[in-house]
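K.L.:
Chains as they are written, first to last, in our numbering: chain A, 1 to 373; chain B, 1001 to 1432.
Just so you know, even glycine gets a beta-carbon here, dropped at the ideal spot from N, CA and C.
Input: one structure, supplied below.
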Amino acid sequence: MKQRLFLCILSAITITAIFIACKKNNSSGSSSTSTTTDTTTTTTTTDCSSSTGVAKVVCLANAFLATLTTTQQASVVQTLNLTNAKLWSNLPCGLSCRDGIAFSSLSSTQLAAAKAVIAAATSTTTDQGYDEFLKINTTDSLLYTVAGGSYGPGNYVICFLGTPSTTGKWMLQFGGHHYAGNVTFNAGAVVSITPSHQGVEPKSWTNANGTVITPLADEETAMANMLSSFTSTELGSAKISGSYSDCLMVPGSTTNTFPTTKVGIQVSQLSSTAQANVLLAMRRWVEDLDSASAAAFMTIYTNELASTYVSYASNTSGVSGSASSFFTTNTDYVRIDGPSIWIEFICQTGVVYPSQIHYHTVFRDHSRDYIGL
Amino acid sequence: MILQSNTSSRPNIWRLLFPVFLFCTTLIPAIGLAHQSPNTNILLDINTKMVAMELQIPIPELALSFDHNISKSPATIVEDYGDRLKAYLKAHIHAWVDKENPWLIDIVSMNMDKGIQAFSGPPFWELRVHLNLQPNQGEDTRKFMLDYDVVMHEVINHTALLSVRNDWENGIITDNPLAVGVISRDMQTMTIKPFEVNFKKGSSWKGFTSMFRLGVEHIKNGTDHLLFIITLLLPACLLFSVRHLLKIITAFTIGHSITLLIGVLGLVKIPVQLIEIIIAVSILVSAINAITPFFNGKEIFIALGFGLIHGLAFSETLQNLHLTSLDLALSVLGFNLGIEAMQIAVIAVTIPWFIIMSKTRYFRIIKNIFAGMVSLAAIGWIAQRVTGNSNLLSEATDKLLLFSPWLILGLCLLSMTLFAISFFLSRFDSLK
């Protein structure tokens, strides 16, 4: 009798226990993993040398995709929408996580194919465009060697929002710690070259071959030349109150908004020399793009020059006529804010090299960032 | 303690989920408006009488707005600039329901610490300020205007992330604060608008139930502690007395409550590491007792003693809640009921199998194998907690415990198999 009672209790408890065990296991949700089979596409060398402009970028983008497995292709090609378009950042997962595929996961052939896409979309001039991208990439690799963390060149990514084509709309995203490039193509034309972020730390260093690497030196020079060509009165009008410890349109933020009111001095009120220098400064950012698109965008920004404003903060040592007196210390800041163009350039105390300053810049377009999204 | 217990050396079958949870919670402020140049963190502890506020202000940013010289010797900023800093903070922090009658702002303490923000790189010095925002008589602490522009009155791009760390009446009790908003310069007007703090009305019931849940979580995360209870109960299985089992469990809860109260009142403070070591030792002791009983039926007192130790570890979080006395009493009650409920649930799915096996001829050997394994685990934990490094034993235990539900299922199948064998063998014996 006693034993029968036991058996009853036993079976009741068993059922309960199995139920609980199963339920617990489900809630942990970690026991089952789905596996996807990788099918390696046979690598075919596509020759894109005969194409030019956007057609060449598209040809190389497809050639890059052809080197990837289907799983890798799925990471590279993402949906073109505003949410994804905003996922660019100077940190892999800082304010937002980057989309796309990491350079560290690519083979040397795949990486070369990825870089060919970037090269085709950017300028061929030394210290601009692709060369500047490579120099910032190698400077980030120096940072990684010294400080580790998320700076490394392996954390650089490439991503296509939408399918690369010469007829439809798609966006090329590429970058890493001190670089973010976003180029949008539509019907075979470049329709947006922003948002863009560039930075560098240390601002100057010598590599193993003895080459001095200064990716943003000409950007700094252009901004310094611009401000130093202002008269003292013009400088007085351009100066804004408050300090900046970072760019306002900081990389990675998906929520920041442009100030509605333009501050500083209107370019139309500057001397013609100074006005020319404002254009020269803009060129250092716009001309990172392939020459044809750069020319088209420079036309837009030049036409809007008169109603563009220049403002700067800090730069307490800055004096008219002396370019070297600008951008010397932490928080030294300048902004070019036009009807379309927006460029910020700032000196910040170094993070890995705290005894030096380093540069951060942001290039945006009021009406063409994430165009049409 | 609560979520801190996750990050300490305690083994935990839910540990797998913790990184996911952490990721989700850290993502909330990260996706917001946080800056690469470090932002200020504002943490609120809300109760019915006042709002306690903790500020974490990065020194590189404060230097730009307060005094450039503070960066020179950050460690001694509070000593060197204390009075000026207090005046500065008071000039830039205001709170009110009625603007004409602002709240009393009382700076309780200031100290320096090293802060780290993943999106800002390496650690930097930060000033930590504890303030009390005291409303006027009859004013609500959950709906008020916070006029705050520390640092950002000067540093245009600076932002402050506002989070609620504790809001007892709304069931928010956490070491991972809930982001509620961002204070920054408005790009339309280029001014810093007062931030409207508006939390939904909470209740004592919500506070009570959240403390209950916390008690459940607390025990659920302490696998070592559950092993202790099971091992302690093992010799008592032979008695087959639910009353006796309940007595042991209750003794533990009573012990827990006593030290919890003592801790909340701030009477005793014992280093967490020491408590963790004693817990591991107690597991070893109770495992040895399971093999060769020497408690001699005094398990109740052992459970009480262990409860006393464990309760100490939790009191810190309750102190942070800044609760009024009634809320505090409700908290301790809710927390302890949660602990009791979870303990009973775990015991209900494990101990019956041991009771069944206690009716078989194999109980001694099963009990000894189990106690032997628990001893090994306990030794591993002791070594881990003394040295601060994990070892082969503790890692193996942690891995094994990830499969707890399956282990319980295995225990159940084993007990039934043994019972069946035992049953047929005894039938066979009687036939003979």
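State the start and end residues of the unbroken alpha helix (DSSP H) segment that holds M1053 of chain B.
P.N.:
Position 53 of the second sequence holds residue 1053 of chain B. Per DSSP, M1053 of chain B belongs to no alpha helix (DSSP H); it is in the beta strand (DSSP E), V1051 to P1058.
K.L.:
What first and last residue would you give for the alpha helix (DSSP H) that runs through Q72 of chain A?
P.N.:
Translated into the one-based positions of the first sequence, residue 72 of chain A becomes position 72. Unbroken alpha helix (DSSP H) run through Q72 of chain A: T70 to V76.
K.L.:
Which residues mark the beginning and the end of the alpha helix (DSSP H) in which V58 of chain A is found?
P.N.:
Numbered from 1 along the first sequence, position 58 holds the residue referred to as residue 58 of chain A. Here the alpha helix (DSSP H) through V58 of chain A covers G53 to A66.
K.L.:
Look at C247 of chain A and V362 of chain A and say whether their C-beta atoms are less than 7 Å apart.
P.N.:
Numbered from its first residue, the first sequence carries residue 247 of chain A at position 247. Numbered from its first residue, the first sequence carries residue 362 of chain A at position 362. Closer than 7 Å, so yes.
K.L.:
R1454 of chain B to A1329 of chain B, Cα distance in whole Å?
P.N.:
For residue 1454 of chain B there is no data in the structure shown, the boundaries of chain B being 1001 and 1432.
K.L.:
Compare the C-beta of P259 of chain A against all C-beta atoms of chain E and say whether one is closer than 7 Å.
P.N.:
Annotation note: the requested chain E is absent from the structure, which comprises protein chains A and B.
K.L.:
With Q275 of chain A as the anchor, note down where its alpha helix (DSSP H) starts and where it stops.
P.N.:
Within the first sequence, residue 275 of chain A is the residue found at index 275, counting from 1. S272 to V286 is the span of the alpha helix (DSSP H), which, as asked, contains Q275 of chain A.
K.L.:
Please confirm if M1342 of chain B has its CB atom under 7 Å from at least one CB of chain A.
P.N.:
Position 342 of the second sequence, counting from 1, holds the residue named residue 1342 of chain B. M1342 of chain B does not count as touching chain A.
K.L.:
Spell out the partners DSSP gives G175 of chain A in its beta bridges.
P.N.:
Within the first sequence, numbered from 1, the residue matching residue 175 of chain A stands at position 175. Per DSSP, A:V157 and A:A180.
K.L.:
Beta carbon of Y309 of chain A, beta carbon of K203 of chain A: below 7 Å?
P.N.:
The count along the first sequence starts at 1 and reaches residue 309 of chain A at position 309. The count along the first sequence starts at 1 and reaches residue 203 of chain A at position 203. No; because the gap between Cβ atoms is not below 7 Å, this pair is not in contact.
K.L.:
Less than 7 Å between the beta carbons of N84 of chain A and L161 of chain A, yes or no?
P.N.:
Taking the first residue of the first sequence as position 1, residue 84 of chain A is located at position 84. Taking the first residue of the first sequence as position 1, residue 161 of chain A is located at position 161. In contact: N84 of chain A and L161 of chain A (Cβ atoms closer than 7 Å).
K.L.:
Check each candidate in B:S1184, B:A1348 and B:I1291 and name the one with the smallest Cα separation from L1246 of chain B.
P.N.:
As a first step, residue 1246 of chain B must be located in the second sequence, where it is residue number 246. Taking only the C-alpha atoms, the option nearest L1246 of chain B is B:A1348.
K.L.:
For D1083 of chain B, which of helix, strand or coil comes out of DSSP?
P.N.:
What you label residue 1083 of chain B is simply residue 83 of the second sequence in a count that begins at 1. In the structure shown, D1083 of chain B sits in a helix (DSSP, three-state: H, G or I).
K.L.:
With a threshold of 6 Å on Cβ separation, who are the neighbours of S1008 of chain B within its own chain once the five nearest residues in sequence on each side are excluded?
P.N.:
The residue you call residue 1008 of chain B lines up with position 8 of the second sequence. Caution is warranted here: a pLDDT of 35 is assigned to S1008 of chain B, below 50, making its placement in the model unreliable, and no coordinate value can be reported.
K.L.:
Run through chain A and tell me which residues come within less than 7 Å of L1064 of chain B, C-beta to C-beta.
P.N.:
To locate residue 1064 of chain B, count along the second sequence from 1; it is residue 64. The contacting residues are S243, S245 and T331.
K.L.:
Have a look at T1360 of chain B and V1386 of chain B and give me their C-alpha separation to the nearest angstrom.
P.N.:
Against the second sequence, residue 1360 of chain B aligns to sequence position 360. Against the second sequence, residue 1386 of chain B aligns to sequence position 386. Their Cα atoms are separated by approximately 40 Å.
K.L.:
Relative to the C-alpha of E219 of chain A, which candidate in A:A323, A:S237 and A:Q73 has its C-alpha closest?
P.N.:
The sequence position of residue 219 of chain A within the first sequence is 219, counting from 1. Nearest of A:A323, A:S237 and A:Q73 to E219 of chain A, Cα basis: A:A323.
K.L.:
Using a C-beta cutoff of 7 Å, does T248 of chain A count as contacting chain B?
P.N.:
Locating residue 248 of chain A in the first sequence gives position 248, where the first residue counts as 1. The residue asked about is misnamed: residue 248 of chain A is Leu in this sequence, not Thr. Closer than 7 Å to some Cβ of chain B, the Cβ of L248 of chain A qualifies, so yes.
K.L.:
Exposed or buried, which one is V212 of chain A when buried takes at least 16 other CB atoms within 10 Å?
P.N.:
Translated into positions along the first sequence, residue 212 of chain A becomes position 212. Under this definition V212 of chain A is an exposed residue.
K.L.:
Report yes if the CB atom of P1235 of chain B is closer than 7 Å to the CB atom of P1293 of chain B, and no otherwise.
P.N.:
Within the second sequence, residue 1235 of chain B is the residue found at index 235, counting from 1. Within the second sequence, residue 1293 of chain B is the residue found at index 293, counting from 1. Contact flag set, yes.
K.L.:
For chain A, is any of its Cβ atoms less than 7 Å away from the one on L1425 of chain B?
P.N.:
In the second sequence, counting from the first residue as 1, residue 1425 of chain B sits at position 425. False, the Cβ-Cβ gap to chain A never drops below 7 Å.
K.L.:
S1358 of chain B versus chain A: which residues are under 9 Å apart at the beta carbon?
P.N.:
As a working mapping, residue 1358 of chain B is identified with position 358 in the second sequence. Here the premise fails: no neighbours, minimum Cβ distance about 11 Å.
K.L.:
Along the stretch 1037-1062 of chain B, what residues have a CB closer than 8 Å to any CB found in chain A?
P.N.:
Going along the stretch 1037-1062 of chain B in chain order, one finds S1037, P1060 and E1061 with a Cβ nearer than 8 Å to chain A.
K.L.:
Excluding sequence positions up to five away, which residues of its chain have a Cβ less than 8 Å from the Cβ of Q348 of chain A?
P.N.:
Here residue 348 of chain A is taken as the residue at index 348 of the first sequence, counted from 1. So the list reads S245, D246, N330, T331, I357, H358, Y359 and H360, once near-sequence residues are dropped.
K.L.:
Write down the C-beta distance between V200 of chain A and I136 of chain A rounded to the nearest angstrom, noting that I regard them as a contact closer than 8 Å.
P.N.:
Here residue 200 of chain A refers to the residue found at position 200 of the first sequence. Here residue 136 of chain A refers to the residue found at position 136 of the first sequence. Going by Cβ atoms, the distance from V200 of chain A to I136 of chain A rounds to 6 Å, so yes, they are a contact pair.
K.L.:
Answer yes if the stretch 1392-1403 of chain B comes into contact with the stretch 1329-1341 of chain B, meaning at least three C-beta pairs across the two stretches below 8 Å, and no otherwise.
P.N.:
Taking 8 Å as the limit for Cβ pairs, the verdict is that the stretch 1392-1403 of chain B does not touch the stretch 1329-1341 of chain B.
K.L.:
List in chain order: all unbroken alpha helix (DSSP H) runs of 4+ residues lying wholly within the stretch 90-159 of chain A.
P.N.:
Fully enclosed alpha helix (DSSP H) runs of 4 or longer: 108-121 and 129-147.
K.L.:
For a quick check, are the C-beta atoms of F185 of chain A and V76 of chain A less than 7 Å apart?
P.N.:
On the first sequence, residue 185 of chain A is found 185 positions in, with the first residue counted as 1. On the first sequence, residue 76 of chain A is found 76 positions in, with the first residue counted as 1. No; because the gap between Cβ atoms is not below 7 Å, this pair is not in contact.
K.L.:
May I have the straight-line CA-CA distance separating L227 of chain A from A238 of chain A, to the nearest angstrom?
P.N.:
Against the first sequence, residue 227 of chain A aligns to sequence position 227. Against the first sequence, residue 238 of chain A aligns to sequence position 238. In a straight line, the C-alpha of L227 of chain A is about 9 Å away from that of A238 of chain A.
K.L.:
Please confirm whether E304 of chain A and P259 of chain A have their CB atoms less than 7 Å apart.
P.N.:
To locate residue 304 of chain A, count along the first sequence from 1; it is residue 304. To locate residue 259 of chain A, count along the first sequence from 1; it is residue 259. No. Outside cutoff.
K.L.:
How many angstroms separate the CA atom of Y144 of chain A from the CA atom of F1124 of chain B?
P.N.:
Within the first sequence, residue 144 of chain A is the residue found at index 144, counting from 1. Within the second sequence, residue 1124 of chain B is the residue found at index 124, counting from 1. Computed Cα separation, rounded: 19 Å.
K.L.:
Quick one: Cα of A119 of chain A to Cα of D290 of chain A, how far?
P.N.:
By 1-based counting over the first sequence, the position of residue 119 of chain A is 119. By 1-based counting over the first sequence, the position of residue 290 of chain A is 290. When rounded, the distance between both Cα atoms is 9 Å.
K.L.:
So within the stretch 291-334 of chain A, which uninterrupted alpha helix (DSSP H) runs reach at least 4 residues, ignoring any that extend past its ends?
P.N.:
Counting only runs of 4 or more, we get 291-303.
K.L.:
Does the Cβ of A1377 of chain B have 16 or more other Cβ atoms within 10 Å, making it buried, or fewer, making it exposed?
P.N.:
The count along the second sequence starts at 1 and reaches residue 1377 of chain B at position 377. Buried, by the Cβ-count rule.
K.L.:
Could you list which residues in chain A have their beta carbon closer than 8 Å to that of N1157 of chain B, in chain order?
P.N.:
The residue labelled residue 1157 of chain B in the question sits at position 157 within the second sequence. Result: Y244, S245, D246, C247, L248 and V250.
K.L.:
Counting pairs of beta carbons, one from the stretch 1280-1299 of chain B and one from the stretch 1255-1262 of chain B, are three or more of them closer than 8 Å?
P.N.:
Touching, no.
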